[in-house]
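**Student:** Each residue of the sequence shown is one higher than the one before, counting from 770 in my numbering.
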Amino acid sequence: METIKVQDRLFTPFLSEAEIKGRVAELAARIDKDYVGKCPLFLAVLSGSFVFAADLLRAITIPCEIAFIRVSSYEGMGSTGQVKQLMGLKEDIAGRDVIVVEDIIDSGLTMKELQGILAAKQPASVRLASLLVKPGNMKVDLDIPYRCFDIPNDFIVGYGLDYDGQGRNLPAIYKVVE
Ligand code: 5GP
Ligand code: MG
770 METIKVQDRL FTPFLSEAEI KGRVAELAAR IDKDYVGKCP LFLAVLSGSF VFAADLLRAI
830 TIPCEIAFIR VSSYEGMGST GQVKQLMGLK EDIAGRDVIV VEDIIDSGLT MKELQGILAA
890 KQPASVRLAS LLVKPGNMKV DLDIPYRCFD IPNDFIVGYG LDYDGQGRNL PAIYKVVE
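Listed below in structure tokens is the structure:
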């Protein structure tokens, strides 16, 4: 893999297709085991998680379902700042075993908000699965039982993640050249 350009920035190889594939397979095997006899509902958070979700789902062998959601943020009227909104969830998640599928968890604020919104809908359980986690940026206490890679705070593109709208199609993961 070589240095590539996305929009105006250079990116250098960080995680290869083979490394990602191996970790996704390991994660799927763990979920298969943890949810045996159940039918988990995967909730993939658009847009960034679409590639990870597609690969993860095809590696799962137990019965399962998937739905796609979006989390949008807008500035609140008061001083509380950003308020996250859940969009696109038509499925009734009451009594379901939900696994949220994320591309990357950075500050953790998005997932913290989403957990609260989902919990109010009375699911049997909610667990987080994230391809990437940046522990160095975490601002909240968040349990992420399913994670493929813990990474440094560098900006990442590829495998579903974008830089200014581009780079989602890259099969591997690259980090920005400062
Ligand atoms: P947070 O955990 O800070 O609430 O938000 C995580 C979101 O920030 C991710 O879903 C993603 O959209 C974005 N993000 C954080 N770090 C990166 C990164 O290195 N690359 C890209 N493309 N997006 C990132
Ligand atoms: Mg995301």
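The C-beta atom is built at its ideal place from N, Cα and C for all residues, glycine as well.
1. How would you call M846, buried or exposed, if buried means at least 16 neighbouring beta carbons within 10 angstroms?
2. In the DSSP assignment, find the beta strand (DSSP E) that holds T781 and state where it starts and stops.
3. What is the DSSP secondary structure of Q891, reduced to helix, strand or coil?
4. Once the 5 residues before and after A889 are set aside, which same chain residues still bring their CB inside 8 angstroms of it?
5. According to the neighbour-count rule (16 or more other Cβ atoms, all chains shown, within 10 Å of its Cβ), is S899 buried or exposed?
6. I800 by DSSP, collapsed to three states: which one?
7. Give a single yes or no on whether D912 has its beta carbon closer than 7 angstroms to a heavy atom of the ligand SAH.
8. Measuring only the C-alpha atoms, how far is E947 from G927?
**Tutor:** In terms of the structure at hand:
1. Low local confidence applies: a pLDDT of 49 at M846 is under 50, so the model's placement there is unreliable, and no value is given.
2. R778 to L784
3. coil
4. none
5. buried
6. helix
7. The ligand content of the structure shown is limited to the ligand 5GP and the ligand MG, which means the ligand SAH is not among them.
8. 17 angstroms
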